[in-house]
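Notes for the one structure printed next.
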Amino acid sequence: MELSNMLKGIQPQLARRLFDLSKQYDDVIDLTLGDPDFATPKNISETGCNAIMEGKTKYTANAGVIELRKAICDDIERRLNVKYDPNTEIICTIGAMGALYLATICLLNPEDEMIVLSPHWPNYTNMVKMCYGVPKYVDFYGEEKLKKLKDNLEKAYSEKTKCIIINSPSNPTGKILDKDTLKMIADFVKEHNLVVISDEVYHTITFNGKKHQSILQFDGMKERTILIDSLSKRFSMTGWRVGFAAAPKELINYMVQLNEDVAACVPMFSQYAAIEALNNGRESEKEICDNFYSRCKFLTEKLNEISKIHCPTTDGTFYLFIDIKNTGLTSEQFAYALLEKEHVAVVPGNAFNESGEGYIRIACTLSESKLAVAAQKIKHFVESL
Ligand code: PLP
1427 MELSNMLKGI QPQLARRLFD LSKQYDDVID LTLGDPDFAT PKNISETGCN AIMEGKTKYT
1487 ANAGVIELRK AICDDIERRL NVKYDPNTEI ICTIGAMGAL YLATICLLNP EDEMIVLSPH
1547 WPNYTNMVKM CYGVPKYVDF YGEEKLKKLK DNLEKAYSEK TKCIIINSPS NPTGKILDKD
1607 TLKMIADFVK EHNLVVISDE VYHTITFNGK KHQSILQFDG MKERTILIDS LSKRFSMTGW
1667 RVGFAAAPKE LINYMVQLNE DVAACVPMFS QYAAIEALNN GRESEKEICD NFYSRCKFLT
1727 EKLNEISKIH CPTTDGTFYL FIDIKNTGLT SEQFAYALLE KEHVAVVPGN AFNESGEGYI
1787 RIACTLSESK LAVAAQKIKH FVESL
């Protein structure tokens, strides 16, 4: 069988590789994937189960049921004070992944370029390549690189640049883009007549009084922004597969049309569970955020007791991005050896592009008692080097 040449540019994901490898050990502490261990809150699960029993198991409109689109508009207005029309400017998708793919395929012509702030969630690279586009990486992690961000954006820009993707709070770094940085990116976007894809799937999980801000809120940005969000992390609903995009109606119209060809719609019962989550989920959202904060704080303190590694405090998400350069190992050497010797699975930083080399990512998706054991094992590993 002769397969598409496009596939030659697609890399298998290192996070998945570590996750798969970890399964050979019965006693593994797996901190690889961004899948929260909390159960979906009861009221949301019950609504989903009732929906199944009531026969809400059919196809729906490609954009999702109107009640869900209205709940999404209310949610966006409540947090960002920006209004969307549920009839024309919203699409519910199979997770944020579905929204990101549909948006990308609707934006890019072959060879068009997308600027990606890096280190970044690796799906962005594959998503652009699946649409025959070209990712252009701009490294922005750390004070020094952040200062040069404007210059580096200009350097990355070319006639073929169509859009830029940003993700705040960030997977893998846990950092939030502050208002000044967002304003600078917004000005860059307007000056070059670009579009922003703003992936905000972690916006409810922020710590230490740091608040998520959206690029959407700057003047003239609503018409240039595709807001991507999802219920996966926010309500511990990864398996329900509910995400959404809010964007200008010309784009949403085509995303809805193409959704017919890739997924048709989000499962109907998941859509009803999502309505319950968005309308009545404030407390659960806070509880999930508080739990992640306490885990991240706990593990950060434990890891910073270990010489040769440094764990910066995270602003949000549930990831820690740990500097391991002083161990003398590459991030892959570190991750593979840690798994083999101590049965602790983490993701090497180069999984998030070259700019992540010298780091490992830990997802705090297990209880504090398991994180405590992981910290001891990491200590033992580093001290034995
Ligand atoms: N965006 C980012 C930055 C993510 O980290 C993830 C999942 O890890 C997603 C999007 C996908 O979320 P969903 O489960 O809604 O497809």
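In my numbering, the protein residues as written are 1427 to 1811.
Ideal Cβ positions, reconstructed from N, Cα and C, are used throughout, including at glycine.
Quantities reported herein were computed from a predicted structural model and do not represent experimental measurements.
Applying the criterion that 16 or more other CB atoms from any shown protein chain within 10 Å of the CB defines a buried residue, is residue i buried or exposed?
i	result
Pro1545	buried
Val1772	buried
Lys1767	exposed
Asp1741	buried
Ile1436	exposed
Met1663	buried
Cys1475	exposed
Leu1433	exposed
Lys1648	buried
Asp1453	exposed
Arg1708	exposed
Arg1504	exposed
Gly1665	exposed
Met1427	exposed
Leu1765	buried
Does the Cβ-Cβ distance between residue i and residue j come in under 8 Å?
i	j	result
Ile1641	Val1622	yes
Thr1726	Val1808	no
Ile1804	Val1770	yes
Val1692	Val1668	yes
Asp1625	Ala1703	no
Ile1455	Lys1734	no
Asn1597	Gly1782	no
Asp1747	Gly1524	Looking at the sequence shown, residue 1747 is not Asp but Phe. No; because the gap between Cβ atoms is not below 8 Å, this pair is not in contact.
Gly1438	Phe1744	Note that residue 1438 is Pro in the sequence shown, not Gly. Cβ atoms of Pro1438 and Phe1744: not closer than 8 Å.
Ala1582	Lys1562	yes
Ala1672	Ile1502	yes
Asp1565	Lys1571	yes
Leu1506	Gln1683	no
Phe1445	Thr1458	yes
What residues sit near ligand 1, counting only those whose C-beta is closer than 5 Å to one of its heavy atoms, in chain order?
Around ligand 1, the residues whose beta-carbon falls short of 5 Å from at least one of its heavy atoms are Gly1460, Gly1521, Ala1522, Met1523, Trp1547, Asn1593, Asn1597, Asp1625, Val1627, Ser1656, Ser1658 and Gly1669, given in chain order.
Does the stretch 1538-1546 come close enough to the stretch 1586-1606 that 3 or more CB-CB pairs lie under 8 Å?
The stretch 1586-1606 vs the stretch 1538-1546: in contact.
Does the stretch 1469-1479 come into contact with the stretch 1699-1707, if we say contact requires no fewer than three beta-carbon pairs (one atom in each stretch) closer than 8 Å?
The way I'd put it, the stretch 1469-1479 does touch the stretch 1699-1707; three or more beta-carbon pairs between them come closer than 8 Å.
At a cut of 8 Å, does the stretch 1653-1667 reach the stretch 1689-1696 through at least three beta carbon pairs?
Put simply, the stretch 1653-1667 touches the stretch 1689-1696. At least three CB pairs are less than 8 Å apart.
Can we say the stretch 1523-1535 touches the stretch 1550-1557, given the rule of at least three CB pairs closer than 8 Å?
Between the stretch 1523-1535 and the stretch 1550-1557, the count of C-beta pairs closer than 8 Å reaches three or more; the two stretches touch.
Say whether the stretch 1713-1720 touches the stretch 1506-1515, bearing in mind that this needs 3 or more beta-carbon pairs closer than 8 Å, one atom from each stretch.
No, because fewer than three Cβ pairs between the stretch 1713-1720 and the stretch 1506-1515 fall closer than 8 Å, the two stretches do not touch.
Can at least three beta-carbon pairs, one atom from the stretch 1707-1714 and one from the stretch 1478-1493, be found at a separation below 8 Å?
Touching, no.
Is it the case that the stretch 1786-1804 contacts the stretch 1747-1765, given that we only count it when at least three CB pairs across the two stretches are under 8 Å?
Contact between the stretch 1747-1765 and the stretch 1786-1804 is present, with at least three C-beta pairs closer than 8 Å.
Is it a yes or a no for the stretch 1493-1500 touching the stretch 1472-1484, going by three-plus beta-carbon pairs under 8 Å?
With the cut-off at 8 Å, the stretch 1493-1500 and the stretch 1472-1484 do not touch.
May I have a chain-ordered list of the alpha helix (DSSP H) segments no shorter than 4 residues that lie completely inside the stretch 1481-1559?
Runs of the alpha helix (DSSP H) inside the stretch 1481-1559: 1492-1506, 1521-1533 and 1549-1556.
Which whole runs of the beta strand (DSSP E) in the stretch 1572-1622 are 3 residues long or more, in chain order?
You should have 1587-1593.
Where in the stretch 1691-1718 do unbroken runs of the beta strand (DSSP E), each at least 3 residues long, occur, reported from the N-terminal end onward?
Runs of the beta strand (DSSP E) inside the stretch 1691-1718: none found.
Enumerated in chain order, which unbroken segments of the beta strand (DSSP E) with a length of 3 residues or greater are wholly contained in the stretch 1728-1769?
For the stretch 1728-1769, the full-length beta strand (DSSP E) segments reaching 3 residues or more read 1745-1749 along the chain.
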